[in-house]
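Chains as they are written, first to last, in our numbering: chain A, 5 to 362; chain B, 5 to 362; chain C, 5 to 362; chain D, 5 to 362; chain E, 5 to 362.
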Amino acid sequence: MDLIKRRRSKPGTAPGTLHHTSDDALTPLRLSVIDYRNNEFEEYDNLTIEQAQPYFASPRNTWLHVQGHPGPDELRSIGDAYGLHPLAVEDVINAGQRTKIEDYPQQKFIVLRHPVLHDDVLDTEQVSIFLGHNFVVSFHGGSKDIFAPIRYRLRKNPEGRLRSLECDYLLYALIDLIVDSSFPVLETIGEQLEDLEDEVLKDPKRSVLDKIHLMKRELVLLRRAQWPQREMLNTLLRDEHKFVKESTKIYLRDCYDHTIQVMDLIDNYREMSSGLLEVYLSSLSNRMNDIMKVLTVIATIFIPLSFLAGVYGMNFDSTASKWNMPELGWPFGYAMFWLLAIGIAGGMLFIFRRKGWF
Amino acid sequence: MDLIKRRRSKPGTAPGTLHHTSDDALTPLRLSVIDYRNNEFEEYDNLTIEQAQPYFASPRNTWLHVQGHPGPDELRSIGDAYGLHPLAVEDVINAGQRTKIEDYPQQKFIVLRHPVLHDDVLDTEQVSIFLGHNFVVSFHGGSKDIFAPIRYRLRKNPEGRLRSLECDYLLYALIDLIVDSSFPVLETIGEQLEDLEDEVLKDPKRSVLDKIHLMKRELVLLRRAQWPQREMLNTLLRDEHKFVKESTKIYLRDCYDHTIQVMDLIDNYREMSSGLLEVYLSSLSNRMNDIMKVLTVIATIFIPLSFLAGVYGMNFDSTASKWNMPELGWPFGYAMFWLLAIGIAGGMLFIFRRKGWF
Amino acid sequence: MDLIKRRRSKPGTAPGTLHHTSDDALTPLRLSVIDYRNNEFEEYDNLTIEQAQPYFASPRNTWLHVQGHPGPDELRSIGDAYGLHPLAVEDVINAGQRTKIEDYPQQKFIVLRHPVLHDDVLDTEQVSIFLGHNFVVSFHGGSKDIFAPIRYRLRKNPEGRLRSLECDYLLYALIDLIVDSSFPVLETIGEQLEDLEDEVLKDPKRSVLDKIHLMKRELVLLRRAQWPQREMLNTLLRDEHKFVKESTKIYLRDCYDHTIQVMDLIDNYREMSSGLLEVYLSSLSNRMNDIMKVLTVIATIFIPLSFLAGVYGMNFDSTASKWNMPELGWPFGYAMFWLLAIGIAGGMLFIFRRKGWF
Amino acid sequence: MDLIKRRRSKPGTAPGTLHHTSDDALTPLRLSVIDYRNNEFEEYDNLTIEQAQPYFASPRNTWLHVQGHPGPDELRSIGDAYGLHPLAVEDVINAGQRTKIEDYPQQKFIVLRHPVLHDDVLDTEQVSIFLGHNFVVSFHGGSKDIFAPIRYRLRKNPEGRLRSLECDYLLYALIDLIVDSSFPVLETIGEQLEDLEDEVLKDPKRSVLDKIHLMKRELVLLRRAQWPQREMLNTLLRDEHKFVKESTKIYLRDCYDHTIQVMDLIDNYREMSSGLLEVYLSSLSNRMNDIMKVLTVIATIFIPLSFLAGVYGMNFDSTASKWNMPELGWPFGYAMFWLLAIGIAGGMLFIFRRKGWF
Amino acid sequence: MDLIKRRRSKPGTAPGTLHHTSDDALTPLRLSVIDYRNNEFEEYDNLTIEQAQPYFASPRNTWLHVQGHPGPDELRSIGDAYGLHPLAVEDVINAGQRTKIEDYPQQKFIVLRHPVLHDDVLDTEQVSIFLGHNFVVSFHGGSKDIFAPIRYRLRKNPEGRLRSLECDYLLYALIDLIVDSSFPVLETIGEQLEDLEDEVLKDPKRSVLDKIHLMKRELVLLRRAQWPQREMLNTLLRDEHKFVKESTKIYLRDCYDHTIQVMDLIDNYREMSSGLLEVYLSSLSNRMNDIMKVLTVIATIFIPLSFLAGVYGMNFDSTASKWNMPELGWPFGYAMFWLLAIGIAGGMLFIFRRKGWF
């Protein structure tokens, strides 16, 4: 759970210091640049930092995307090349940031958490985006190229809004993709929940408990990762920025609406998993009850009978006196014993049935 | 539970793209138009999209109602014909929207959830309404014609407020009907709750637990579907819209009051069902207690007696020494055994009764 | 619980339609009018609607009180006579309203819930009050004349504030009476709670659970009925009404203070009843524990002893070999058996006592 | 618990009516007056109401303190003498008021709850304070003279802030003393909690449950009594009163800080006592578990052995056929029985140990 | 837990009185002064109060750090020397303050709680900081020199922001260090939680319960200590102070972001430890279930068998009548007994397995 583990430099270090956190292997970076305006469109992949730099000065809209975990030196080069604020750049390398938006004089800095499922275990990857006047710089630490659909739309649709509008609409498209990527993840979780529900109702084993426990933890983490999206979008919508145009706001508002739906779904799932836990625990109690009933019925029927059999197994000397166990000598003594035994058992069964025990 | 399942197009798709979500069978659409102002009243049913279009331009108030799940193409035609905003139209086709209100330059867009009971299982259907300057376009995906009472009032009462006032009052009438349709549903749920309560208090079976669990889930879903109504009505009431007249607001305020009553009822039911769960669980504990008492009383009485019987069933050789089981040879040994046994049993019963165990 | 049952007309009916809800028997109405100003005072009882009407036009303060459930026709007559708003009048007949205040151009409309105890079961009756410029119209559906003390003060004290001040002070007096009438009810509930607490601590039977459950439900309902009083009084206090004078506000503020005390008491009682449930459940667990201890002590002592007795009741042929049950032939075999048995029992008792089991 | 019991006059009584609530015995009043300004200082004790009155008109600061429960007549005299508002005076006699502040044209009226421990049981006594332009009137119903330290500081320190500043600083000193008097009470409660914690962890008896229950109730009551202090001080701090000078506000802010610390401690204690309940309940479960384990180990070992002994105690006639219990005649039959028995017991113990049951 | 224990002077004492709270041993103070501006830098350690005083008047930025618990007299000297407000100085000596910020005319006073782990037990130490126009006075009661990294950065980096900016940036650096020092503590707690989780899932012993209980208490205390940091930083950020420059605010905002991350982690841990408790309790129930199953299976199989053996151990006289226990004389009686016994046992096992009991 990366929200918990990854931490920053030692307390007391100067702010903006870039340290490499050892548990992220340094993956090779992959820089791609798209330089576009209306009909003009240039796309370059696998650039070096030096190759990427000239596009910053281009009068067209420039989108630099950095895939992989950059090291402190690489990040400093990129930051210097594009004039990114050191405090924000520090947050790019410390990959355990919450979703947030920060205002710097020359740019906006946005952190998002992209939820992914690795073998049915939820993880969130950090996506950091800088929005300048005519450029967007985005960082994504994971190995999958999540922004491929956006790049495809930019490349293929020269008359689309992505090409005709400014960088703020590109920012919206990136945010919208991250927000919407919660839905498939939530669908998978929803299916897991339904499977769990079936298991709980049919055959509540010990392992179900651990699964519910894990599910609840995942939902707590997901909620915490998604919750600040609303605030972030609200900040984007409410403030009068020179960065975000009025025409883009209607789309951001739609995106805000999606974050509310995501939170809604998560809350539904949380209440459902709490409900599952309740049901699991009470079916445990039910089982215990059933087991106790069987034990009690069997024991309370046979314990008196065993006593009776024990009585007639005693060795009192019937020759010493006629009061000593005369029943043993009766011709129908054994038959009477069985009658008595069956009578007791029948009576008890009758009482237990009336009490509704079985 | 349609709040959870139906989802929209793939992350990264351009906003406003209309996709058909496969799990809704394409039902034949039924378009009906009512064109009215004071004494003028025209009503057409089973129109095609082309036939419905001219009424848009009519200077009178026009209400177009679309019954059924429209496909992307049909929806695009309707949207284009009436100038509906693409983002809003996208929400019509993705039927898992929350209750909300959205402001577009040319119209207001309102989504409502209409609660229905299918075989005692709660479902909510989406109703989408567009309010323009002199038209209302409403979409309802279900098969039942829920707005028949409104149409009846329009048709039959030429002097009624519905005819004499503008489109905003028609909008109020539609919203009011959806809000009030929660009451019969809640009444049914209330009756189910009372039945459940009887069952829990009289004969708490395992199946009751599942029913309470389902009831709680339904109430959670209903609450989530109804909760945003307050906010939606508040937005309608507070903002100065050119769409909603001051004279209609007094009625909307009454409608707002109803939504509070709905939430109140739902909260009451939720607390009642939580209470039921508590009562169920503690009557389980009570039962376990009763069962344990019976087992304990029977076992603790007969276990010592069985031991005693066992003792006198031992085969120590009384001829080897006079210390070996002399009781067996006593003339009243057997009688004394019974006296002892009855004494032990009586004493234990006395103790248990004093402890209040039965 | 009348907060849950009574419901209004069918969804889709025109607002302001008056329907008779069948479960309220039509009780004969009793109209009384008090017409007063300073030294002038006229009081009439058992008027017809026609007889009551002229006082509306009187320049003095007029208080019309309607006792009983009016039918739709009667209500419409009264509403028309006094110029009451149709939407408000609809709320008078649908007796399941929440406490609220509504502003109409010609009057204020206030709904209050008057708590009563019928055979120790809590109920709330609706009191509806209209405040006009120089009149108050109040409706109360119950059979008891709750406003008798106010009428007495009006009648007997010509120099009292009630006579010398305007209608807004009369409104305050009516509200204050309803708010304060919660205190005796709460006192009764408090006494019931203390009885319950005694029962739980001394002898926790099954029936206690149902009583606590009912108590919690009553408190939830009472809370919901009283909660909106604060908001209602706040609205009266904050808004600049032409209806409520500044001099009356100091009294309304005192009344507001009382509603806070009522909520405080209810919250105390709720936490107490939750605490009782906890105590009940844990004393159940305690009991189970005690029962298990007794069973375990008796069973674990006698089960090994019974085995021992069983062993010496076996019939191995001691003539076949000297290894077969030689103990049976020992002169002190029986005595040694008892020594062994008492030793085992004593040892177990010692262990159990050291574990603190009894 | 006096927050619950004491109640005011009957619903419908005129506001400001003074009734004597019967359960407070009329204790003899003790009026003391301190009349001071800078170096001038006069102190009188045990005055009658008439004797106290002239100091009201004194141009110096006057502090009248009334110790004991005044009757309605006495209170009316004092109220009339000092011009106190009837509604506020009514709250003095009804000693179950919440902490609050009220603004009257000629004075401020403040109610505080002074927490005391009577034999380790928490109670709160009402302290009512009126602040006028150059006087303070304080009422305290308890028997202990809680304001002695203030009087001492006034008397002994002619250059202290108490003497040199105005009445608002005296008010601050009184409030500060009441607020701070929570700390020793909370310390005692804290010690009780630690004792309870020791008891729960070492030897969880039934009585602990009742103690935790009482502790939680006390903390709920204390919280409710202290909670409104923050609001009260905030009102004093925020509003521009002519009564409270800017120079005093810095001290009131310090006092506000203390109330936050009090709430913090109470919340800590509440969470601790909830934690204790959890621990108590789960150690009950643990115990039950232990008891069940012992019972199960003993029973499951000896029940099969007893069966075995029972088998060889059967009386099948071995002379009738060589198939009837030939074991009884084997020379090592008895030895083999013991081997078998020990083997079974050992095997079971081995299994139970591997399951970790003891 | 020092949030609970340490308390201030007796209620009724004059504000600003300095008392020594006896449980803090008077440790020898260690005063160090750093006097700096850009390239000028002087550092003195182990000064007396008199020696430290002259630097107050220096036109450069002066940082006086006081390590250890000062006594009332020492504190008064320092307070007088630097013109610190008596109410704030009182809070320095009473070391149980919450995190807070206070505005005094000549300075700002900030209290922070520095979390430390002593042998895996969480404690928080108080750090008090005064910010004047060109000085910072900081107090830290613990024995470790926590500000060493700041001093190192001041000493070694003459061009760093710490040297070139004013005292407000030094204040930021101190606050940032305290805030960030939560992270290593939280990491340790996180590791403890993971160990606990392993223990709970693998082998839930009684001791785990106490550990979870302690963990929850620590997290409650830590939360309470950290919670007010947000408010404190917000106050610093929002108000227009002459003390904090605009350029420093961007760093304080970054620091504010860290406090949110701290709260996030704490909340995660709290939910995780609550989850652990749930899992612990339900695995207890699971165990009880398993134990009951074993007992029930063994007992219900052997109890009927024992009865059967008891029956054939009875001594009915088969010579008295041919109806008395004829089975004993059958040639295959014993074999039939075993067949019957094995049949019963097998049947029961079959039933239990079908019920899924083992």
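Ideal Cβ placement from N, Cα and C applies to all residues, glycine included.
Residue from the options whose Cα sits closest to the Cα of residue i
i: residue 138 of chain D; options: D:180, D:249, D:359, D:353; result: D:249
i: residue 165 of chain A; options: B:347, B:330, B:20; result: B:20
i: residue 147 of chain D; options: D:252, D:203, D:32; result: D:32
i: residue 242 of chain C; options: C:59, C:105, C:197, C:160; result: C:105
i: residue 152 of chain C; options: C:215, C:71, C:110; result: C:71
i: residue 85 of chain C; options: C:102, C:94, C:61, C:76; result: C:61
Length of the line joining the Cα atoms of residue i and residue j
i: residue 268 of chain B; j: residue 120 of chain A; result: 39 Å
i: residue 351 of chain A; j: residue 344 of chain D; result: 37 Å
i: residue 278 of chain E; j: residue 279 of chain D; result: 11 Å
i: residue 266 of chain E; j: residue 142 of chain B; result: 49 Å
i: residue 320 of chain C; j: residue 342 of chain C; result: 21 Å
i: residue 332 of chain B; j: residue 311 of chain C; result: 20 Å
i: residue 315 of chain C; j: residue 338 of chain D; result: 10 Å
i: residue 160 of chain E; j: residue 100 of chain E; result: 35 Å
i: residue 225 of chain A; j: residue 294 of chain D; result: 37 Å
i: residue 57 of chain B; j: residue 77 of chain B; result: 15 Å
Assigned exposure category for residue i - 16 Cβ within 10 Å defines buried
i: residue 26 of chain A; result: Because the pLDDT at residue 26 of chain A is just 48, under 50, the model does not fix this residue reliably, and the value given afterwards should be weighed accordingly. With fewer than 16 Cβ atoms within 10 Å of its Cβ, residue 26 of chain A is classed as exposed.
i: residue 168 of chain D; result: exposed
i: residue 317 of chain C; result: buried
i: residue 283 of chain C; result: buried
i: residue 156 of chain A; result: exposed
i: residue 360 of chain D; result: exposed
i: residue 125 of chain E; result: exposed
i: residue 330 of chain D; result: exposed
N-terminal and C-terminal residue of the beta strand (DSSP E) that residue i is part of
i: residue 36 of chain E; result: 34 to 41
i: residue 1 of chain C; result: The requested residue 1 of chain C does not occur in the structure, where chain C is confined to residues 5 to 362.
i: residue 48 of chain C; result: 44 to 51
i: residue 81 of chain B; result: Premise fails: residue 81 of chain B lies in the alpha helix (DSSP H), 76 to 86, not in any beta strand (DSSP E).
Residue i, enclosing alpha helix (DSSP H) - first and last residue
i: residue 179 of chain A; result: 171 to 184
i: residue 280 of chain E; result: 250 to 315
i: residue 233 of chain B; result: 210 to 242
i: residue 332 of chain E; result: Residue 332 of chain E -> no alpha helix (DSSP H), and no H or E assigned at all.
Sequence-distant residues of its chain with Cβ nearer than 8 Å to residue i (five each side left out)
i: residue 184 of chain E; result: 262
Residues near residue i by beta carbon distance below 6 Å, same chain, minus five either side
i: residue 255 of chain C; result: 176
Cβ shell of residue i (< 7 Å), same chain only, five flanking positions each side left out
i: residue 171 of chain B; result: 65, 135, 138, 139, 140
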